[in-house]
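Data block below; observations after.
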Amino acid sequence: MPPLCQVLSCLFSAVYKDRHFSCEDCDGTVSGGFDATSSQIVLCQNNIHQQSHMNRVVTHELIHAFDHCRAHVDWFNNFKHLACSEIRAANLSGDCSFHNEVSRFNFGLKKHHQECVRGRALRSILAVRKVSREEAEKVVDEVFDTCFNDHAPFGRIPHDKKDAKFAYRDFENRDRGSKVDVYAGYMMPVKRISRLKGGDAPLLFAMWTYNY
Amino acid sequence: MADSGAMWRPPRTCDDYWSEFRHCKSLWNRFHNYYAHGTSPSCGQWKEDYYSCREWEKNPGPETKDALQQSERNREAEQRKFTPVWDLRRDPPRDWHMPLHQGKPPDSQS
């Protein structure tokens, strides 16, 4: 199956609220997680208190789910795979937006986004795996360039709603002008959601926005 | 795939090229690019593609078509100029929609 079809399969694999999301009480300050054994996103209901935070956590975990869907990610035995998905999730979810960093009193400008992504990926790895900080830093360094520049399914780093809108426009126009034979599948993206709603409506996979 | 000159359309509408150019040059995008990459964004190709697109509308020809296709391929190549750390699947995981095993403890990553 050509690469385009692989990514499309994941993009159109419906994500069902009742099957792929679970709201639970969690220890500590963890906001959420992705359970690869059940293909389920866990949202920590006792640690998420704002809609904007919820949006960001959902996006972050959906990126893990997308990676699990499109690739043979060895979450438990291959630290490079884990690090890569964490880098991507921190990079593409809005975790490291200027606004969010300033609210954490992390003031930086030139390439600060990358510093934030490194730091948050490291933190996530240390939170879920028994590994030394030095080892985790080494793995993050090894895969950083590759994974920071992997913007699937967006085709760009979605810094704001306009980026998201343009990414989705690319997706809507994917069949235009023989683009199928020009693209091989990474300019794919997302449909904007504003809230997770009640009911059984399936959610199109790879949904993103933040800062509603 | 059928690809006659009469049926072919540019990969994006001309308005899309122009709006990408305007977005690229915007203050916010320049700020975001500096924040993420430490540089100013390069926007000239969007403008060039816009003019090629308009040229295609007025006077369809192989050079214009090739220019637009090549530009899109270059964008695609930019997105893929890294070696993935993992192997891609052919299909989504088989258990993606399978019912959950009730009571099985999760092992999560955050």
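Protein sequences, first through last, are from chains A and B.
For what it's worth, UniProt numbering labels the leading residue of the first sequence as 1, then goes sequentially.
For what it's worth, UniProt numbering labels the leading residue of the second sequence as 1, then goes sequentially.
We put the CB at the ideal spot given by N, CA and C, even for glycine.
No experiment lies behind these values; they were computed from the predicted model shown.
If you measure between the beta carbons of residue i and residue j, is that distance less than 8 Å?
i, j, result
"residue 43 of chain B", "residue 58 of chain B", "no"
"residue 126 of chain A", "residue 118 of chain A", "no"
"residue 90 of chain A", "residue 71 of chain A", "no"
"residue 32 of chain B", "residue 166 of chain A", "no"
"residue 34 of chain A", "residue 68 of chain A", "yes"
"residue 279 of chain A", "residue 86 of chain A", "Beyond the ends of chain A as shown, which are 1 and 212, falls residue 279 of chain A; an answer cannot be given."
"residue 72 of chain B", "residue 11 of chain B", "yes"
"residue 78 of chain A", "residue 82 of chain B", "no"
"residue 77 of chain B", "residue 113 of chain A", "no"
"residue 26 of chain A", "residue 85 of chain B", "no"
"residue 50 of chain B", "residue 96 of chain B", "no"
"residue 38 of chain A", "residue 100 of chain B", "yes"
Per DSSP, which one or two residues make a beta bridge with residue i?
i, result
"residue 42 of chain A", "A/22, A/33"
"residue 71 of chain A", "B/88"
Report the CB separation of residue i from residue j in whole angstroms; it is logged as a contact under 8 Å.
i, j, result
"residue 24 of chain A", "residue 50 of chain A", "So it is not a contact: roughly 18 Å between Cβ atoms."
"residue 34 of chain B", "residue 17 of chain A", "Actually they are not in contact, since the Cβ atoms of residue 34 of chain B and residue 17 of chain A sit about 38 Å apart, beyond 8 Å."
"residue 9 of chain B", "residue 176 of chain A", "6 Å"
"residue 92 of chain A", "residue 151 of chain A", "7 Å"
"residue 47 of chain A", "residue 31 of chain A", "5 Å"
"residue 75 of chain A", "residue 136 of chain A", "Residue 75 of chain A to residue 136 of chain A, Cβ: 15 Å. No contact."
Show which residues of chain A have a CB atom less than 8 Å away from the CB atom of residue i.
i, result
"residue 16 of chain B", "169, 173"
"residue 100 of chain B", "19, 38, 40"
"residue 20 of chain B", "166"
"residue 66 of chain B", "By Cβ distance, chain A contributes nothing, its closest Cβ being about 11 Å from residue 66 of chain B, past 8 Å."
"residue 54 of chain B", "Correct list: empty, because the minimum Cβ distance to chain A is about 15 Å."
What in chain B is Cβ-close to residue i, meaning under 8 Å?
i, result
"residue 146 of chain A", "82, 83, 84, 85"
"residue 63 of chain A", "The premise fails here: residue 63 of chain A is roughly 12 Å from chain B at the closest Cβ pair, so nothing lies under 8 Å."
"residue 109 of chain A", "34, 35"
"residue 93 of chain A", "Chain B residues near residue 93 of chain A: none, gap ~12 Å exceeds 8 Å."
"residue 73 of chain A", "86"
"residue 138 of chain A", "The contacting residues do not exist; residue 138 of chain A stays about 14 Å from chain B at best."
"residue 106 of chain A", "Here the premise fails: no neighbours, minimum Cβ distance about 12 Å."
"residue 143 of chain A", "85"
"residue 100 of chain A", "Simply none; closest approach about 12 Å."
What in chain A is Cβ-close to residue i, meaning under 9 Å?
i, result
"residue 48 of chain B", "Those do not exist, as residue 48 of chain B stays about 17 Å from chain A at its closest Cβ, beyond 9 Å."
Determine the chain B residues that contact residue i at a beta-carbon separation under 7 Å, and present them in chain order.
i, result
"residue 155 of chain A", "79"
"residue 159 of chain A", "32"
"residue 130 of chain A", "Near residue 130 of chain A there are no residues of chain B at all, since even the closest Cβ is about 13 Å away, more than 7 Å."
"residue 149 of chain A", "82"
So which residues of chain B does residue i contact, with C-beta pairs closer than 9 Å?
i, result
"residue 55 of chain A", "The contacting residues do not exist; residue 55 of chain A stays about 16 Å from chain B at best."
"residue 51 of chain A", "Correct list: empty, because the minimum Cβ distance to chain B is about 20 Å."
"residue 84 of chain A", "84, 85, 86"
"residue 46 of chain A", "Near residue 46 of chain A there are no residues of chain B at all, since even the closest Cβ is about 14 Å away, more than 9 Å."
Taking C-beta pairs closer than 7 Å, name the residues in chain A that residue i reaches, listed in chain order.
i, result
"residue 38 of chain B", "110, 111"
"residue 89 of chain B", "6, 70, 71, 72"
When you measure from the CB of residue i to every non-hydrogen atom of the ligand ZN, does any distance come out below 7 Å?
i, result
"residue 52 of chain A", "With respect to the ligand ZN, the structure offers nothing, as it holds no ligand at all."
Within 8 Å, do at least three Cβ pairs link the stretch 89-103 of chain A to the stretch 138-145 of chain A? no
Check whether the stretch 148-162 of chain A and the stretch 5-14 of chain B are in contact - that is, three or more C-beta pairs closer than 8 Å. no
Any contact of the stretch 102-115 of chain A with the stretch 48-67 of chain A, i.e. 3+ C-beta pairs under 8 Å? no
The stretch 58-68 of chain B in contact with the stretch 23-42 of chain A per 3-pair CB rule at 8 Å: no
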